[in-house]
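Chemist: Chains as they are written, first to last, in this note's numbering: chain A, 442 to 784; chain B, 442 to 784; chain C, 442 to 784; chain D, 442 to 784. The C-beta atom is built at its ideal place from N, Cα and C for all residues, glycine as well. I'd like to ask some things about the structure below.
Protein chains: 4
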Amino acid sequence: MKKYSFKNDYSEGCHPNILEALIKTNLRHQNGYGYDDYCEEAKLLIKQKMNNDDADIHFVSGGTQANLLVISSILRPHESVISAETGHIFTNETGAIEATGHKVHGLATSDGKLKPEHIQSVLDLHTNKPHQVKQKLVYISNSTEIGTIYKKKELQELSEFCKTNDLYLFMDGARLGQALTSEINDLTLEDIANLTDVFYLGGTKNGALLGEAIIITNKKLKEEFGFHIKQKGAMLAKGRLLGIQFSELMKNELYFDLAKHSNVQAMKIKSAFQKKGFQFLSETFTNQIFPILSNSQIEKLAENFDFYIWKKVNEERSAIRIITSWATPDQIVDDFIININQL
Amino acid sequence: MKKYSFKNDYSEGCHPNILEALIKTNLRHQNGYGYDDYCEEAKLLIKQKMNNDDADIHFVSGGTQANLLVISSILRPHESVISAETGHIFTNETGAIEATGHKVHGLATSDGKLKPEHIQSVLDLHTNKPHQVKQKLVYISNSTEIGTIYKKKELQELSEFCKTNDLYLFMDGARLGQALTSEINDLTLEDIANLTDVFYLGGTKNGALLGEAIIITNKKLKEEFGFHIKQKGAMLAKGRLLGIQFSELMKNELYFDLAKHSNVQAMKIKSAFQKKGFQFLSETFTNQIFPILSNSQIEKLAENFDFYIWKKVNEERSAIRIITSWATPDQIVDDFIININQL
Amino acid sequence: MKKYSFKNDYSEGCHPNILEALIKTNLRHQNGYGYDDYCEEAKLLIKQKMNNDDADIHFVSGGTQANLLVISSILRPHESVISAETGHIFTNETGAIEATGHKVHGLATSDGKLKPEHIQSVLDLHTNKPHQVKQKLVYISNSTEIGTIYKKKELQELSEFCKTNDLYLFMDGARLGQALTSEINDLTLEDIANLTDVFYLGGTKNGALLGEAIIITNKKLKEEFGFHIKQKGAMLAKGRLLGIQFSELMKNELYFDLAKHSNVQAMKIKSAFQKKGFQFLSETFTNQIFPILSNSQIEKLAENFDFYIWKKVNEERSAIRIITSWATPDQIVDDFIININQL
Amino acid sequence: MKKYSFKNDYSEGCHPNILEALIKTNLRHQNGYGYDDYCEEAKLLIKQKMNNDDADIHFVSGGTQANLLVISSILRPHESVISAETGHIFTNETGAIEATGHKVHGLATSDGKLKPEHIQSVLDLHTNKPHQVKQKLVYISNSTEIGTIYKKKELQELSEFCKTNDLYLFMDGARLGQALTSEINDLTLEDIANLTDVFYLGGTKNGALLGEAIIITNKKLKEEFGFHIKQKGAMLAKGRLLGIQFSELMKNELYFDLAKHSNVQAMKIKSAFQKKGFQFLSETFTNQIFPILSNSQIEKLAENFDFYIWKKVNEERSAIRIITSWATPDQIVDDFIININQL
């Protein structure tokens, strides 16, 4: 029998509501390129949820695509973007940002989150104009690539710092649902819209087949974004596929319910590890946890479950990554906890 | 009542078999990024259909994406690509190719098809090395953007010319299904694989929700293509979505059946126009036709149907574009023909 | 004995005044990167000559460099530039503009000059937003690559058309000296500054060792240009080399005297051809002429002089290009005319 | 009276031999674009000096230009380059390399020099193919940006490591003359040619008005380099200017004599600081020294001399940078030493 995989949160298809909607709408004639009724409906629902009528919303197929589109549309040739070293754009997108011509400054952080002092340190090192790139954009992820989230006070400080220093703030929200439904979260979607210039709402890792909703709130960044989508090969002829999915996810609270489910499953597992006295690489409250196990414990656990060994801590121990999804069943979680307790 | 649209061949969703397969496979755990079972299956089926085990196959979401990926992965910075002026890359992709750093030479043609003499004319104008770009790639579409197709002899001559002149030959197959099932076609998928260095098989315009299968047959062009897919934001986390679709389309002859249906519907309409004595902008045998009508006839026809006015011929007359799809119903075609006969 | 070459206007070194100034200033300590006293002086002199205190002036080493710097600093990723097919950026710079990510539209013209109707034709073909690039810049050369010049009325009409259509106007002035001292010229340097948004004053082809002075008059285009110069590798550590040269050229009327000399020498030769009844490929009044000769005449002339065969007219006849420089001696011109008269 | 500046090594013009050669050759007709007699002569002399007939040599105007040309011509779109954090390409070229589409990995080092373990650490962090860029090139500077040099054993180890790991090795030789004439140097020009794939010999910082000689020894990297030079705007119409300068510098041992002079002057100053018991930021044996002074000492010294405050060490002390050139006179050095002794 195949082992259950905790390797990532995109191992399944999509929420059944989406499949039903695809069937129901299948033969209806719609305009192409995102000018269909479903995209319109999805945009409306998102605007309502963030209480902001003025935002521009665009649907694209994935996170790397969203990142390179947003960043390359904003920056002029001599401008750069600041990221944590753990930021997805820094090492996990095959140089996608540099391929559009821009430097990414990577900063070492303890928890994957940027603070004003991080950014200030980059600014301080780049005062020799015009011999150095000009920093113009700050890229953060929420939840971060290592499962942590931004608290309201942190985002407010970052937002204020960026405004003061004439920097745009861009939030990668590939797992924004998980961040906003974390038990320690105190931010709302409306806060995110107010405190950033542009962000996206991830569908791929939260119950969609594919799709991210890029939301531009800063008026200066809205202009002519569609050209960039087309130029970068990111405009789907059948944009309806994205509209239908976001429309379904936004109806009632499905998007948040799914994210919460993934968080809850991870927290149950985290709790089991904690009770057994395990340490973690970082303390997380979303759908990713990084418990530190001995090599023999990892081997034992790997007999029945798949997961990534994330980071070697020393010769005897490593952190593993357990990641849950919108679809992770209770039964599996219970089984896994039994296995943990037997370590 | 809403008018039926002959504006394009991506107004509907997808073939029902695809929806059924999505449902059936929905909760099965699969690897991400195209390493799933369905992609494997689809690749196998394509290889069988083209009788070529060695090709590398990659699935991406759309035509512009496929074009920019293939071209930018092949060319070195000082190299350029040759296209017909009607070629999709020349004017309909918001400078996607130039955005990757490469010049596109656009050539006027009568029928959207490149011939050796077209290419020779570009080579002749670029002999002042190193002050001019070096031509390295020839881009053709089959069927072309104006509905015509390449005959076997034409493709052979082009292929030979390219080999002789150290040029790669790339076929945009966004509508390759329609080309291969055209009543005048004498090419097979195997021929295409043999006579080009790289080509793609379009799904978006032939019954899929999205997806193009890039097929690389020239060994020199295979290397490290995955890096490019990731860098350009074209790698879907849930690559299964593309695998499932191409797998369904390739089972039996569904892909070709759907393409043929769209051709047949267009040919019935063409025949009706012909019988009434209408001229065409170009003679086509695929799912696009360009009849020339008087302004008042266009107005009349537009009362019940949507279509694009393609090109003004003179003050009194214009060519319109009628395009049919895998889903265009017989009933609609019959109605439309009645309308034509009443002109 | 070596034949005299009429192949181009950059076969010699530089005007002796420049060499003297290099010697005189050689050991004086100066700031690097264009912040030296000589650049300041040269800028002041140029501003006086064009009666415009507000322009930003930057010195770079060559024409292709100036072209790619100006164009890539102005355009956003989805924007394009319009040029004549004979324009230097279209076919003679190894895709330098496309390498910065932008499409160049090439237009066939009879005389190398763009007119409003040429530009309108490109605009008319690019109305399908956002599927096509957005035109934002018009590139013209004066004198053109085929020796013709813009008259005041033509430049005024072009300037007005660009303003009306939200297009910037950029003049390549690699041979602007020759244009402004042509016998049929009615434009002043001040006119050029007023009617374009950015242009440059060529030194390389008018008595300097190297160097072009980029002059930005449109306030919107001035911002942060230095970053681009540095990023593209165009910022000389010893910027004094450019400052010293332009300073010398701008003193008294040296720049214009040199240009006029090259024109006068060409016109003497043109007159000799005319008197003998020769036709020309285009009628020019600067330092390039394109007389049409029979093959045997070309052969005869080539015994004593070097020049390019420019364009085959028919099997028996071709146009040759004769180009004179700031340094072409009277004696050589007289000899050449004797040779012409003997044809 | 103006203070003497130790701010950089490009504050003067050029060695008088160059000016004399410019005068002597001024009116001789030469081919453009580097096909002149002087470039040929200079290439021959360089090949003799490095005892290598097969290298390809190209002259360009500056270091940033050389760096971006070499790197962008070598790398495919998904490949990256490794540099020390102090490397010129990492922070002092306004993102020139990223602007050509490539990521630069910056590594913290103690002395500005890369060792195999540095490079290995980058390789270890980039094993997730194709989600991460592929390292293909190692960039080092000799002397480094902070005045240190590579010893033969170090360069051999690096060269071997690169070969083993399928990486190219590129040496920025903006100050290679200074490195090769340092009192602790044990490398020859021939060694450099043998141990790297491509490097350049800096003229701008060693007695030329401008100019770097790019030397390509790896056959695979030679092909079609001229196209890149032209495309990046780096091809001078009057290439003779570069040929004449390198020809003069390479005659006898002028190039090395000038470099040695600059080293000797710096070492005299270093010795004076050492005798007074000053510490240094790094131990250098070329024309740059970084003594650490108290704020009041810096203030005192700055009364008569210009120099950069390089790095704050603590509230009371900073390192300054003293840099000498081919033209720094003995008298000035003596005066400066008197000032040091009075601190």
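(1) Between B:ASP775, B:GLN772, B:ALA768 and B:GLN783, which lies nearest to ARG469 (chain A) when the distance is taken from Cα to Cα?
(2) Of all the residues that make up the stretch 532-546 of chain A, which are near chain C by a beta-carbon distance shorter than 9 Å?
(3) Per DSSP, HIS499 (chain B) forms a beta bridge with which residues?
(4) With 7 Å set as the bound, which would you pick, yes or no: does the beta-carbon of GLN706 (chain C) sit closer than that to a beta-carbon of chain D?
(5) Going by Cα to Cα distance, which pick from A:GLN783, A:ILE459, A:LEU486 and A:HIS456 is closest to ALA496 (chain A)?
(6) Would you kindly report the start and end of the unbroken alpha helix (DSSP H) that includes VAL511 (chain B)?
(7) Could you tell me which whole alpha helix (DSSP H) segments of length 4 or greater appear in the stretch 685-742 of chain D?
(8) When Cβ atoms are compared, which residues of the stretch 651-669 of chain A fall closer than 7 Å to chain B?
(9) Along the stretch 567-593 of chain D, where does the CB come closer than 9 Å to a CB of chain B? Name the residues.
(10) Please state if the CB of TYR580 (chain D) and the CB of ILE530 (chain D) are separated by a distance shorter than 7 Å.
(11) Where DSSP assigns a beta bridge to GLN576 (chain A), which residues make up the other side?
(12) Is VAL754 (chain C) helix, strand or coil when you go by DSSP?
(13) According to DSSP, ARG762 (chain A) sits in a beta bridge with which residue or residues?
(14) Would a check of beta-carbon distances place HIS529 (chain B) closer than 7 Å to chain C?
(15) I think LYS587 (chain A) touches SER623 (chain A), with their Cβ atoms under 8 Å apart; what is that distance to the nearest whole Å?
(16) Thinking LEU662 (chain D) and ILE515 (chain D) are a contact (beta carbons under 8 Å), I'd like their distance in whole angstroms, please.
(17) Does ASN704 (chain C) pass the burial test, meaning 16 or more other C-beta atoms within 10 Å, or should it be called exposed?
(18) Specify the secondary structure class of TYR451 (chain B) as computed by DSSP and reduced to three states.
(19) What in chain A is Cβ-close to ASN768 (chain B), meaning under 7 Å?
(20) Specify, as a first and last residue, the run of the beta strand (DSSP E) that TYR476 (chain B) falls within.
(21) Using the C-alpha atoms, what's the distance from GLU595 (chain C) back to GLY652 (chain B)?
(22) At the 7 Å Cβ level, is SER452 (chain D) part of the contact set with chain C, yes or no?
(23) Taking a cut of 8 Å between CB atoms, which residues from the stretch 500-530 of chain C lie near chain A?
(24) When you compare only the Cα positions, how much space is there between ALA540 (chain B) and PHE726 (chain D)?
(25) Does the stretch 673-691 of chain D come within contact of the stretch 501-520 of chain C, defined as at least 3 CB pairs closer than 8 Å?
(26) Would LEU683 (chain A) and GLY643 (chain A) qualify as a contact pair, given that the criterion is a beta-carbon distance under 7 Å?
(27) Does the distance from the C-beta atom of ILE754 (chain A) to that of PHE611 (chain A) stay below 7 Å?
(28) What is the residue span of the beta strand (DSSP E) that GLY643 (chain A) lies within?
(29) What does GLN672 (chain D) reach in chain B if we use C-beta pairs closer than 7 Å?
(30) May I ask you to list the residues that DSSP assigns as paired with SER446 (chain B)?
(31) Can you give me the start and stop residues for the alpha helix (DSSP H) that ASP776 (chain B) sits inside?
(32) CB VAL574 (chain D) to CB HIS519 (chain D), shorter than 7 Å?
(33) Give the DSSP-derived three-state secondary structure of GLY667 (chain C) in the structure shown.
(34) Take the Cβ of ILE538 (chain D) as the centre, count every other Cβ of all protein chains shown within 10 Å, and call the residue buried at 16 or more, exposed below.
(35) Counting only Cβ pairs nearer than 8 Å, list the residues of chain F close to THR727 (chain A).
(36) Are the Cβ atoms of PRO571 (chain B) and PHE602 (chain B) separated by less than 7 Å?
Modeler: If we stick to the structure as given:
(1) B:ALA768
(2) THR541 and GLY542
(3) B:ILE655
(4) no
(5) A:LEU486
(6) 504-515
(7) 695-716 and 736-742
(8) LEU651 and PHE668
(9) LYS570, PRO571, HIS572, GLN573, VAL574 and LYS575
(10) yes
(11) A:SER521
(12) coil
(13) A:TYR749
(14) no
(15) Here residue 587 (chain A) is Ile; the residue named in the question, Lys, does not match the sequence. With 8 Å as the limit, ILE587 (chain A) and SER623 (chain A) do not qualify as a contact, their Cβ atoms being about 14 Å apart.
(16) 6 Å
(17) buried
(18) coil
(19) Note that residue 768 (chain B) is Ala in the sequence shown here, rather than Asn. Neighbours of ALA768 (chain B) on chain A, chain order: LEU468.
(20) That residue, TYR476 (chain B), is in no beta strand (DSSP E); it is neither H nor E in DSSP.
(21) 50 Å
(22) yes
(23) SER513, SER514, ARG517, PRO518 and HIS519
(24) 46 Å
(25) yes
(26) no
(27) The sequence shown places Val at residue 754 (chain A), not Ile. No, the pair does not count as a contact, with Cβ atoms beyond the cut-off.
(28) 639-643
(29) PRO518 and HIS519
(30) B:ASP747
(31) 771-782
(32) yes
(33) helix
(34) buried
(35) Any reference to chain F falls outside this structure, whose protein chains are A, B, C and D.
(36) no
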